[in-house]
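Shown next, in structure tokens, is the structure this report addresses.
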Amino acid sequence: ALPGHLLRGLLPLLSVFRLERAEGAARRAGLSTQPIWRKLWDDVMKTRPPNSENITCWRKKFLETFFSNVLHGVLDISSDWRLNDQHFSPLLHSSPHVSQLTLCNMLQGAVELAAEHNQKVLENLAGSLRILKFQHLLSSDLSIRRSLVLLLHRLIHHGSVSQVSMYSWPVPDTVLLVLILSMSAGFWRSGNALAYHSSPCGLCREEDKAQSQESAPGQAERGCCNEREWSDGENQKGSPGAPKEADMEVNGCRADTHLNPVSSRPRSLSLQNQACEVPCNHTSVEGGSSPPHVSDQLSCHHLLRKTRRRMKSAVGKKRRCLRRNRGPRADPEDLYDFVFTVAREDNSGLLDKNSTTEGENTENWTSSSLGSPCTCHASCKKRGGSAGTFSLKAAHRFRSVSTLELFSIPLTGETCRTLSNLLSSWVSLENLVLSYNGLGANVFCILSGLRALSRRSDCQLRVVRLSDVFSHMPCMDLVRCVLSAFPQLHTLSVSFDLKNQLEGNSPQGIPSCSEAEIPESCLEQLEIRFPREPLHTAFLLPVLKASKSLQQLSLDSATLPCSQELGLLLEALKECNPDLKKLSFHDVNLAEHQKEVLLLLQDPVLQELTFSFCRLFESSTPEFLSEIINAVKRNSTLKSLKLPGNRLGNHRLVALADIFSEDSSSSLCQLDVSSNCIKPDGLLEFTKKLEGHIQQRGGRIQFTHLRLFQNWLDQDAATAQEALRRLQAVCSVVNDSWDSSQAFADYISVM
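This is the structure in structure tokens:
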């Protein structure tokens, strides 16, 4: 109830706890606390946050970073009196503002958040957290994995996390990686090694109770199953070594009780009422690796215990599979056995047509639960499935994330096959990013999962980004493969640094990607980074023809095999993609293609055009620059022109100011002249000329953004500051503090 002038003087004197509580009062008084939170950031964090010019709420930025720093023990709250308040619980009071969280190293943060005393913190995160990241992970023990399972189950299955990203894991722990992937996909099985718990969580119990109350009398049997499972879980606590007859049976009965809320309808697993035990098979699998401590522990105790009914295709006779003698139950911490061994043995038994007719039903099983098993490698085909296949028959399906990103994490053959099977039924997934994973030929395994996913009517995947150091096949072949497998994509990005000299053919049984037919696709954005491969329009043409809705095309690091190639590409784009709005060339030598460059600048449909490091003026005449300026002046459609890395220099930059002259009909809003050897005096002259054109036009100009990254503005700081100050009165200027002398020294050192 304080008057506004008193409140304004009081706010900077408050602790973080008091300032947070006074936020509402300040808002009602028409006061902004943003400057105070910004000063808090400077005083406490003592760093400049990346993209600080785009931060709209310093309160959220501070509290989110504060939460992370306290969680990981890198910030001492006693270091500043504003943080050291007896009423202030750092994690509890900052958690409602956390939308993004990174866990790293030994997952100490996960252990802390899963602790009993932080239950309220975890509840807050379940409502606020949207992005969960893992970085630089190390191997973990059972207790850490138990905490991680609790965390993922609460934040993903019963929370709001929509994106899981993993970064920089040079030697990934297979068990931990598969655990994160499977729970991100919405799978969790209580009562075994995967869950590390003997009974469902409280929220699961509440959901089951609500469902059982709403179920019809005919569903009473399922409710009985749930009660038996909880009872079995409690019994397991008392005697973990005792075998349970109904363990898998109960889990199978419950397989479809937890549904993915992202989906619009329930999805039950086709074998939830079938189970068959088969002999153990410990043969190693090509392309994968098994931890050595597991090999001596494999036993048949993990096999499915529920008897399956099998149908003979001809006469429909039913029979029971023979039960095998059960061995002792394994140590519940052996997650590797569950994820890999059970799936290997189960799939081998399913597809052994000499001993059972179940192989005839395999296609139905895979299409309804896992999707088609990977048949890309000889090892997969020989075994009838992948050793990395994730067993879903006894797993529960919960809410899953919509974005999965894996950066710099090597994926073995087994892990790829596990991921492929998860992808095949991951209908909530909208964005998939696989970057620098060393896929090689395993990319076909990923495509197999995507192909199965594309057949799902409720599939939501729209964005796929694949990048790696070496390309296993020509880029255009991979693009055709992906689009033929998944024509529903809206965005496809394929990027490779280097060409693999040992490029192989498509795996046996898969047609050559260069011959794959592409159905009419929904593609709107296509990005291709060629590993210095020649760009042949004839190879790109089938993709363009199939992508009538294409609006953005980016071609990077391609070579033009002949002088006519770019002209052929422009003709193809005009004919096949009349709605193309954005076209980008990066690191493509266009020095000898001035005619085509001018045609693009005159295009009446393009709104954004990028020539990045394309050597535009390497062998050009002065008339070419004038033609560029005149073409842009007459184009009322072009909104953004990006020319980074083309050695404009001062004189060409000054000439570009004429784009905004009084006789211009240009609608250009954004101009990017980064990395163009621009000096402070040239920028100042450009600014003065631009001011003159604006004055002649009566202040009416649409120019709003100028990008100046990595130019030589540090050579005369005073002149650069004056130019930037005057420019900022005209448009938004994005600049950086770049040391041009150091950059030049680095360039010389690698020549």
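Counting with mature numbering (1 follows the signal peptide of the UniProt record, and there is no 0), you get residues -22 to -1, 1 to 729 for the letters of the sequence shown. Note that the Cβ used here is the ideal one computed from N, Cα and C, for glycine as well.
Whole angstroms is fine: what's the gap from residue 536's alpha carbon to residue 575's? If you draw a straight line from the Cα of residue 536 to the Cα of residue 575, it is about 16 Å long.
Ignoring anything shorter than 4 residues, give me the alpha helix (DSSP H) runs that lie fully in the segment 534 to 564, in order along the chain. Within the segment 534 to 564, the complete alpha helix (DSSP H) runs of at least 4 residues are 543 to 554.
What did DSSP end up calling residue 17 once you bin it into helix, strand or coil? Helix, per DSSP.
If we count Cβ pairs, one from each stretch, closer than 8 Å, do we get three or more for the segment 691 to 708 versus the segment 645 to 663? The segment 691 to 708, when compared against the segment 645 to 663, does touch it at the 8 Å Cβ threshold.
Out of curiosity, what's the CA-to-CA distance linking residue 688 and residue 661? Near 13 Å, if we compare the C-alpha coordinates of residue 661 and residue 688.
Quick one: what does DSSP say residue 600 is sitting in, helix, strand or coil? Three-state DSSP puts residue 600 in a helix.
For residue 578 versus residue 624, is the C-beta spacing smaller than 8 Å? No, Cβ-Cβ distance for residue 578 and residue 624 is not below 8 Å.
Backbone secondary structure at residue 11 - three-state DSSP: Reduced to three states, the DSSP call for residue 11 is coil.
Burial state of residue 204 (16 or more Cβ within 10 Å): Per-residue confidence for residue 204 stands at a pLDDT of 38, beneath the threshold of 50, marking its modelled position as unreliable; no derived number is given.
Presumed contact (8 Å Cβ cut-off) between residue 501 and residue 461, rounded CB distance: Beta-carbon to beta-carbon, residue 501 and residue 461 are separated by about 7 Å, close enough to satisfy the 8 Å threshold.
State the Cα-Cα distance for the pair residue 708 and residue 679, rounded to the nearest angstrom. Here the alpha carbons of residue 679 and residue 708 stand approximately 9 Å from one another.
Ignore the nearest five residues each way along the sequence and tell me which others in residue 139's own chain have a CB closer than 8 Å to its CB. Excluding residues within five positions, the ones whose Cβ falls inside 8 Å are 107, 108, 109, 110, 133, 379.
Looking at the structure shown, is residue 36 part of a helix, part of a strand, or coil, going by DSSP? In the displayed model, residue 36 falls within a helix according to three-state DSSP.
Can you grab the Cα-Cα spacing for the pair residue 158 / residue 51, in whole Å? Residue 158 and residue 51 have their C-alpha atoms some 24 Å from each other.
Within this structure, are the beta carbons of residue 389 and residue 431 separated by less than 8 Å? Going by C-beta atoms, residue 389 is not nearer than 8 Å to residue 431.
I'd like the list of long-range same chain contacts for residue 434, defined as Cβ closer than 6 Å, with 5 residues on each side in sequence excluded. Taken in chain order, the residues that qualify are 405.
Could you check which residue in 135, 464, 137, 130 has the C-alpha nearest to that of residue 154? Out of 135, 464, 137, 130, 130 has the C-alpha closest to the C-alpha of residue 154.
If we require 4 or more residues per run, which alpha helix (DSSP H) segments fall completely within the segment 54 to 120? As far as the segment 54 to 120 is concerned, its whole alpha helix (DSSP H) runs of at least 4 residues are 68 to 72, 86 to 92, 97 to 106.
Name the DSSP beta bridge partners of residue 477, please? DSSP lists 449 as partners of residue 477.
Are the segment 113 to 122 and the segment 81 to 100 touching by the rule of at least three beta carbon pairs closer than 8 Å? With contact defined as three or more Cβ pairs closer than 8 Å, the segment 113 to 122 and the segment 81 to 100 are in contact.
Other residues of its chain near residue 478: CB distance less than 7 Å, five sequence neighbours each side excluded: Taking C-beta separations shorter than 7 Å and ignoring five residues to either side along the sequence, the partners of residue 478 in its chain run 448, 449, 450, following chain order.
Check each candidate in 685, 45, 498 and name the one with the smallest Cα separation from residue 622. The shortest C-alpha separation from residue 622 is found at 685.
CA nearest to the CA of residue -1, picked from 37, 25, 164, 19: For the residues 37, 25, 164, 19, the minimum Cα distance to residue -1 belongs to 37.
Just tell me which of 586, 529, 670 has its CA closest to the CA of residue 554. The shortest C-alpha to C-alpha distance from residue 554 to any of 586, 529, 670 is the one to 529.
Are there 16 or more other CB atoms within 10 angstroms of the CB of residue 505, so buried, or fewer, so exposed? By the 10 Å Cβ count, residue 505 comes out buried.
Suppose you measure from the CA of residue 638 to the CA of residue 76; what does that come to, to the nearest Å? Near 44 Å, if we compare the C-alpha coordinates of residue 76 and residue 638.
Tell me the residue span of the alpha helix (DSSP H) that contains residue 659. Bounds of the alpha helix (DSSP H) holding residue 659 are 658 to 674.
State the CB to CB distance for the pair residue 616 and residue 585, rounded to an integer number of angstroms; the pair is presumed to be in contact (CB under 8 Å). Going by Cβ atoms, the distance from residue 616 to residue 585 rounds to 6 Å, so yes, they are a contact pair.
Going by beta carbon distance, what residues of the same chain come within less than 7 Å of residue 636, once the five residues before and after it are set aside? If we look at residue 636 and ignore the five residues flanking it on each side, its Cβ neighbours are 607.
Which residues does DSSP pair with residue 145 in a beta bridge? Partner(s): 113, 385.
Alpha carbon of residue 519 to alpha carbon of residue 444, nearest angstrom: A straight line joining the alpha-carbon of residue 519 with that of residue 444 spans about 21 Å.
Considering just the uninterrupted stretch of the alpha helix (DSSP H) at residue 420, what are its terminal residues? Here residue 420 belongs to no alpha helix (DSSP H), and DSSP marks it neither H nor E.
Kindly give me the distance between the Cβ atoms of residue 598 and residue 620, rounded to whole angstroms, as I take these residues to be in contact under 8 Å. With a Cβ gap of about 18 Å, residue 598 and residue 620 do not count as contacting.
When the distance is taken between beta carbons, is residue 522 closer than 8 Å to residue 144? Against a cut-off of 8 Å, the Cβ pair of residue 522 and residue 144 comes out as no contact.
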